[in-house]
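Position one of the sequence shown corresponds to residue 327 (my numbering), numbered consecutively onward.
Ideal Cβ placement from N, Cα and C applies to all residues, glycine included.
On a predicted model such as this, the values are computed, not experimentally measured, just so you know.
Everything below concerns the one structure shown next.
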Amino acid sequence: MLLLGIPKLLQVETSQPFLTEHTQISKAFKTMMRRLHTTAKVVEDSYIDSDLSFSTKGISDEDSDEWTLAKPKRKAPTSTAQAPAVPREKKAAPKRTVKPKKPKAPKEPKVPKPRAPRKTAAERKTQTPKVVKGSRTSVLAGTKRKNNIDEGKKDDKAAEDKEEKHADFPEGQRAEESGPSIKMKEERVSFIVSEAHQADTWTGEGTSLAGLVAKKEEVEDFTFDEPCLKKQKTSGAIHGQPNALPYSEANALRNELNMNWDLIEVLSTLTCVERWVCVNIIGLLREENTVPFMVRYRKDKINHMDADAVRHVQLIYEELGTVAKKTQSVIQTLKKDEVLTVELEQNLRSCRSADELDHVYSPYKKGSKLTKARRAKALGLEDTASVLLNIPHTLDLRTWVKPGTEGLSSVEEVSTGVEHILADMIAKDPETLTYVKTLCENSFVTIQSSVSKSALKVKEQKSDKSHKNPGAQKNQNMDIDKFHLYVDFTSNIQRIQPHQTLAINRGESLKILTVKVNIPDRVKSEFTGWCINNRWKPKTFAIQQVWEIIRRAIEDSYKRLILPFLVRSYRTKLTGAAEKESIAMFVRNLRQYLLVCPVRGCVIIGVDPGFRHGCKLAVLSPTGQIIHTDVVYLHNSGQRTEVDKLRHLMMKYSCTKVVIGNGTACRETESVFADLISKRCFHPLDVSYCITSEAGASIYSVSPEAIKELPNMDPNLRSAVSIGRRVQDPLAELVKIDPKHIGIGTYQHDVSAGALKAALDGVVQECVSFVGVDINICSETLMRHVAGLNAGQAKNIAEWREQNGPFNNREQLKLVKGMGPKTYQQCAGFIRVNPQTLHSAKSSPHPVPEKPAATKRKRKNCVNIPTSFNPLDQTCIHPESYHVAQRFLSLVGGSADQIGSPGLRQCVEQKVWASSTEELAKTVDSTPETLKLIIDGLTQPPGFDIRQNFGQADFKRGIVSMSDLRVGAVLTGRVENAALFGAFVDIGVGRSGLIHKRYITLDKLPASQHRRSLVLGPGERVEVRVLNVDPQRGRIGLDLIRVLQ
């Protein structure tokens, strides 16, 4: 009874008229009302409904503090999130009447005084300046936690985490939840936070990134202390747990762009990522965290997203930032030109894409022709258009006629000027544009391409012998033949494939194709009717002349302004989507290409084939060191002598693997080796060979990196070295080459060069970081691709290594010039110190440090750096988690010296089997994500390489030609490249066959690949069936049977 009466009591207390009209209230009722009088000053209706589950003792003094927490939380969400709660707005005024009463002020610092200086409290203080309750918010939050959690079970830290999780709920959701106890509400947390569209409170409360920001300036000694770990403790190891920024930082993210839209909301909508995850990603990016670091060591902040997904959010965030910056620039320009109006500024700040911004800004660009609407406005007809829409019965166009003035000399000219103004208003009205876009979405809009008139002219002059430039004509004809699929092409705008869009764009840029977007006439008729009868209908009675002006203005607006805008929008969206898909294909291909398993433990001979200049040879040791280089002429008259020379080299250095580049003379060189192997020419060696791509090898051979690495060597021999090392360690060798030159993907010249480079550099950094680098043997080129390092820092590390000898542990990286705390944090987890290479490096002499070395370490004298080897430095465990790893080792009864041993692996498995990972994480005071990473690092064998799960290069001993293929034959091969329209497979006949994407179906793929957008990637072994063979065009059609595991 008491609980059911509380809402009414609060209404009574907050409404003075109610008190006067209901004088029959009992004395007991009034006594209880006075008791609640001091607590109700910050009560909001959303909490009135949701927090009624507290017991009768909830009216005590401590619970009054709990109720006062509602005021700061109410200000956390944006106005849009609070809009539905209408009653709350009505009861805002009574709060001010109760405000002077503060009988409980002395109790504020009672319980949580130590928490008063908390950062979140300070931030909330700035958020509610007129109430001056910044520290009290923290105080009351602590009181509330103690009331909600069973006393004695949780310490202050646990209570703090619970409150932060609870504070992330939107008030509207909390209003809907009521129950018999606070415990039930807490159990619903994990269910509610998994919703995709949460209110702005996700970004309003919490301290997930605040600790990292606060520590950024303090971490001078490279320590990763407890506050850094607390950032990870806020997640319950459940996908979808919110872990948001404090209100002040989240509000800064909303307002930093100074636009009419919410950055977090738009980013979440465009990327289909939860809002709290978007906030965390933005916060991590603003703190200069790299994507590999976030994906491996901040999984709880990004909800276990992969690198591609995080990069996608980063890309959209940067695009929105670019639009906002361009908008500010446009506004400043228009201000200088004195043409900026309040309405125009609002329209500019409402733009969410560069295309929308250009549509609004284009009429005002300098140098552009004065638009018809602006000319009419300059004549003073804007008021006439306003009168026509609002009070048309008073409009008389004859009063605006000014004989002798151009544009106003007659009623017809005045009418035309008003039409132009109305057409401009219609074309820039957001509601109108939304409606016409909706009509288009529900209509059959098509894109059509055909041969251009200029291309047809060239084709007609094909037989003209007197043409001035027959060579150019021939090339043009060849280009026309390449686009034969698109000379009469029509496709639904929603069904066209990315590669088709890029092909059409290329044909249009070469002036071979003309492209147009066809929007049905039904859209125009429905749009015109809607405008006349709804959106642009005059507000009062209008004569026939007014209706005619409006109708002509609508038709003119649609034909002259809206239709071109729609066409541009469609082309821009299609091109943008196609470019993104093409870049994504590049990224996925490159990742699989870089992660091919290295071939180790044998001597390899790299062969750069050639006819006239011979075949260049490079004999490489198992570690990639150059043993011998030579040239043999296997395709000339003296072949026997050259074969003997080759055999001598193979026998002398015990070469069992031959790597042949797939360039000129590849098939002929392969035939020679296949013939020699079949004749047992290299007996007793069991020799096999493979074909590898030599794309980019010639470019690398003359690059500054190659000259520095291999001085005094012929560039052709450098190519042979590169070809051999591509099989020995693909990652270490391919990072030396610009990814665009590796020969993966399609349409690389039709996409944005900057976006492609950024994406490919990102995936190279990701692969190098996740594989890890041995700091004592890796090259400077490889080091610069480690997350957090740049070219200058990589150079400094290499110089320090040359001057001081090998690194004994990760801590010594702090002694390197330019290695600050943030850089060390980002790169330390991806750098390994292998004990075997460390021992071998120590056994070899190294130069004594010179004078500059002391200068370099001068500024690091405040840091105590150990010189002993730490076994954890050979694992993927980050130094910030070393103390957690030590606690876990003590828990399982192991030591760091046992890392990777079967005994330690057995102990860990038994402990994990006995207790869940979540329970163990609580025991060692960490998160499940961090503990799983620690378990992997401790149980993986020494020298573990993630690439060992990927396929190696295929070595063979015989050769098959294209003429041997028969339709229906079943073969095995390896995917060489993946495109938007299918996958190219090397089946060992010198020509790659194509599996069209229609033959790559889910039933033919293993379950692990069903969710991958790139179902087949470079390096994967497949079983295929030959569908057709076209020897003249050199094309082979294949059908996918299955993917070989």
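Asked	Found
Nearest neighbour of H315, chosen from I953, P935, T982 [CA to CA]	Here the chain comprises residues numbered 327 to 1371, so residue 315 is not present and cannot be evaluated.
Segment contact flag, the segment 1105 to 1122 with the segment 1139 to 1158, C-beta cutoff 8 Å, min 3 pairs	yes
Classification of T648 by the beta-carbon crowding that lies within 10 angstroms, buried from 16 upward	exposed
Cross-strand partners of F815 (DSSP beta bridge)	S775
Cβ-Cβ distance between H746 and K691 below 8 Å	no
Three-state secondary structure assigned by DSSP to K942	strand
Straight-line gap, L721 to L765 (C-alpha atoms, nearest Å)	33 Å
From A635, E614, V639, residue whose alpha carbon lies closest to that of L589	V639
Beta-carbon proximity of V1250 to V1234, cut-off 8 Å	no
Closest residue to L593 among R973, S679, T616, H630 (Cα-Cα distance)	S679
Uninterrupted alpha helix (DSSP H) stretches inside the segment 1097 to 1174 (no shorter than 4 residues)	1106 to 1109, 1117 to 1130, 1147 to 1153, 1161 to 1169
Cα-Cα separation, L1043 to A991	16 Å
Straight-line Cα distance separating D1290 from K1330	26 Å
G1088 versus F1096 - alpha carbon distance	12 Å
Which listed residue (Q820, R637, L828) has its alpha carbon closest to that of V913	R637
The segment 855 to 873 / the segment 743 to 759 touching (three or more Cβ pairs under 8 Å)	yes
C-alpha distance - N586 paired with G609, whole-angstrom precision	21 Å
Rounded C-alpha distance that separates R1051 from S1318	23 Å
Distance between V603 and N629 (C-alpha atoms, nearest Å)	7 Å
C-beta contact flag for G1226 and Q1266 at 8 Å	yes
Uninterrupted alpha helix (DSSP H) stretches inside the segment 689 to 746 (no shorter than 4 residues)	698 to 704, 708 to 716
Whole-angstrom distance between C598 and E907, CA atom to CA atom	17 Å
CB contact check: C598 to chain D, cutoff 8 Å	Absent from the structure is chain D; it holds one protein chain and no more.
Beta-carbon gap between R1136 and V1159 smaller than 8 Å	yes
Where F619 falls, given that 16 or more other Cβ within 10 Å makes a residue buried	buried
Residue interval of the alpha helix (DSSP H) (run including N915)	889 to 920
Contact set for K728: own chain, Cβ-Cβ below 6 Å, skip 5 residues either direction	L734
Coarse secondary structure for L1217, derived from DSSP in three states	helix
Simplified DSSP state of R1351, which is helix, strand or coil	strand
Bounding residues of the alpha helix (DSSP H) (the contiguous stretch that carries N1042)	1041 to 1054
Stretch-stretch touch, CB-based, cutoff 8 Å, three pairs: the segment 1150 to 1159 with the segment 1103 to 1117	yes
Beta-carbon proximity list for V843, same chain, < 6 Å, skipping 5 on both sides	I773, V893, Y896
Assigned secondary structure, N859 (DSSP; H/G/I helix, E/B strand, else coil)	helix
Validate contact between the segment 872 to 882 and the segment 1031 to 1042 using beta carbons, cut 8 Å, 3 pairs	no
Candidates C857, S851, R848, S775, of which the one nearest I819 by Cα	S775
L972 and V957 closer than 8 Å at C-beta	no
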